[in-house]
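Engineer:
There are 2 protein chains.
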Amino acid sequence: MKLEDWKSQIKKGTLEFCILLMIDEKPCYGYELMAKLEKWEILRTKESTIYPLLRRLLKEEFLTSSWQETSEGLPPRKYYSITQKGKEYLHMMLIEWDNLLSAIAEIKGES
Amino acid sequence: MKLEDWKSQIKKGTLEFCILLMIDEKPCYGYELMAKLEKWEILRTKESTIYPLLRRLLKEEFLTSSWQETSEGLPPRKYYSITQKGKEYLHMMLIEWDNLLSAIAEIKGES
DNA sequence: ATTATATACTGTGTATTACGATATATATAA
DNA sequence: TTATATATATCGTAATACACAGTATATAAT
């Protein structure tokens with residue numbers, strides 16, 4: 008019960024980071040991102056988390072989006088791509104992520 | 008500006024984890040924890056964050072506390088120790104933390 | 001008929017951290 | 001003598017990311 012709450016907390020910021028990493032690799036649509044995240048239990052999330060997050064990243068101009076039709080009558084997909092600004096932001100996140108890992112490794116190492 | 012916000016977010020859950028790690032090593036008082044966290048810029052925090060966190064961990068019985076007088080007229084210190092329940096919780100957090108690191112390493116590796 | 005899959009969106013709630021202040025007691029600097 | 005810094009703990013309110021549960025549409029499968 009309590010651990011599940013913690014896992015929600017630990018996702019804050021982390022999810023944004025992961026999504027930018029994935030979109031940096033190649034443009035993705037929301038549903039696809041969700042499906043990919045399914046692979047890691049700790050990163051599993053709902054549409055109601057992903058879509059607002061993507062909208063926020065668009066608003067902040069870290070991403071751009073474009074609709075693309077699909078064949079076979081599937082709903083159209085909104086593809087997200089990373090912008091230059093997004094790349095720079097991601098770069099700084101990578102640095103801070105490493106700082107965090109080092110800090111925690113050090114704290115663990117002290118025991 | 009935006010990066011600072013992200014750094015706040017990334018601390019959610021992480022700070023709880025770090026504090027339990029530190030108290031697991033040996034009992035600590037609040038001010039001491041804050042001072043130790045100062046060492047890593049990414050983990051820096053305020054009293055107004057640490058103390059409510061400690062109170063919550065007490066309430067959830069992951070910690071116990073006891074006041075201890077100091078010499079030299081300094082204010083007394085409230086020492087926090089980890090409980091058995093806290094140790095079990097921390098153990099699960101360590102597992103989830105590793106899961107998270109693996110997941111992100113994998114996502115980064117895909118690029 | 002109903003459920004599942006694929007896709008996207010929205011409103012409300014929860015909980016952690018941040019900001020800024022209060023409080024007390026020494027020691028040191030202006 | 002007044003102001004500031006250190007050491008210690010507390011509280012009230014704000015900001016905000018993620019969670020829950022629902023809406024919406026169009027196929028395909030049971």
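Chains as they are written, first to last, in our numbering: chain A, 8 to 118; chain B, 8 to 118. Even for Gly, the Cβ is constructed at its ideal location relative to N, Cα and C. All figures in this text were calculated on a predicted structure; none of them were measured in a lab.
(1) Counting beta carbon pairs with one atom in the region 34-46 of chain A and one in the region 74-93 of chain A, are three or more of them shorter than 8 Å?
(2) Check whether chain A comes within 8 Å of C35/B, counting only Cβ atoms and requiring the distance to be less than that.
(3) Grab the span of the alpha helix (DSSP H) containing K115/B for me, first residue to last.
(4) Helix, strand or coil: which one does DSSP assign to C25/A?
(5) Measuring only the C-alpha atoms, how far is S73/A from I30/A?
(6) Does any CB atom of chain A fall closer than 8 Å to the CB of L81/B?
(7) In chain A, which residues lie with their C-beta within 9 Å of the C-beta of Y96/B?
(8) Beta-carbon separation of W13/A and N106/B under 8 Å?
(9) Start and end of the alpha helix (DSSP H) containing W47/B?
(10) From this set, P59/B, K66/B, I26/B, which residue's C-alpha is nearest K115/A's C-alpha?
(11) Just checking, does the region 15-25 of chain B make contact with the region 42-60 of chain B on the three C-beta pairs under 8 Å criterion?
Structural biologist: Judging by the given coordinates:
(1) yes
(2) Along the second sequence, one-based indexing puts residue 35/B at 28. It does not: the Cβ of C35/B has no partner Cβ on chain A nearer than 8 Å.
(3) Taking the second sequence and counting its residues from 1, one reaches residue 115/B at position 108. 91-116 is the span of the alpha helix (DSSP H), which, as asked, contains K115/B.
(4) Walking along the first sequence from the start, residue 25/A turns up at place 18. Of the three classes helix, strand and coil, the one that applies to C25/A here is helix, per DSSP.
(5) Your numbering for residue 73/A matches position 66 in the first sequence. Your numbering for residue 30/A matches position 23 in the first sequence. Each residue's alpha carbon lies about 13 Å from the other.
(6) As a working note, residue 81/B is residue 74 in the second sequence. So no, L81/B is outside the interface.
(7) Your numbering for residue 96/B matches position 89 in the second sequence. Result: K9, L10, W13.
(8) Residue numbering aside, residue 13/A sits at position 6 when the first sequence is read from its first letter. Residue numbering aside, residue 106/B sits at position 99 when the second sequence is read from its first letter. By the CB criterion at 8 Å, W13/A and N106/B fall outside the cutoff.
(9) Taking the first residue of the second sequence as 1, we reach residue 47/B at position 40. Here W47/B belongs to no alpha helix (DSSP H), and DSSP marks it neither H nor E.
(10) Indexing the first sequence from 1 puts residue 115/A at position 108. The shortest Cα separation from K115/A among P59/B, K66/B, I26/B belongs to I26/B.
(11) Yes: at least three Cβ pairs fall under 8 Å.
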